[in-house]
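Mapped onto the numbering used here, the consecutive letters of the sequence shown carry residue numbers 17 to 145.
Every residue gets a Cβ at the ideal spot worked out from N, C-alpha and C, and that includes glycine.
Just below is one structure, and these are the notes that go with it.
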Amino acid sequence: QVTVDLRALPRLPLPRAAEAQLVFNLVYNAIKYSDPNDPSRFKITIRAEVPRNESVFEVHFMDWGIGVEEEAREAIFSAEFRSPAARRHDQRGFGLGLAISRSIAKQIGGDLFLRSPRNPTTFVWQIPK
17 QVTVDLRALP RLPLPRAAEA QLVFNLVYNA IKYSDPNDPS RFKITIRAEV
67 PRNESVFEVH FMDWGIGVEE EAREAIFSAE FRSPAARRHD QRGFGLGLAI
117 SRSIAKQIGG DLFLRSPRNP TTFVWQIPK
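Here's what the structure looks like:
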């Protein structure tokens, strides 16, 4: 199940290729790290929010997959880092997706961070207003 609600976002002047790469990386990870025992439980929700008294828009990427170990909360954004659970779950990949995505977010004046490590795993992309 995939749910996308971006109505809270106005049309933003973002570089299309960068925006597409960031979104692709987060959605691909949600698919790649979904529950291996029951694919029918796959669920991802992408929702835009406008926090009060903030100078940013937020896009929340939520999935109900294997999650992120708490001790890897910041390391997952380092190039070539893959947590032990991620390596056990799926041997493919180089650990570059989240590093690239955070770099893209920062290059346009925003940020990308992990708000919740599981149930749901929630990444937040902040985009400057």
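Using beta-carbon positions only, say whether L28 and I120 come within less than 9 Å of one another. no
Helix, strand or coil, according to DSSP, for L114 in the structure here? helix
Assumed close pair F73, V66 - CB separation to whole angstroms, cut-off 8 Å: 6 Å
Taking all protein chains shown into account, do 16 or more other C-beta atoms lie within 10 angstroms of the C-beta of G125, making it buried, or fewer, making it exposed? exposed
Quick check: the Cα distance between D79 and L128, rounded to an integer number of angstroms? 16 Å
Alpha carbon of R103 to alpha carbon of T138, nearest angstrom: 20 Å
Can you have a look at I82 and say buried or exposed, based on whether 16 or more other CB atoms are within 10 angstroms of its CB? buried
Return the residue from the list E87, N69, L130 and G109 that minimises the CA-CA distance to K145. N69
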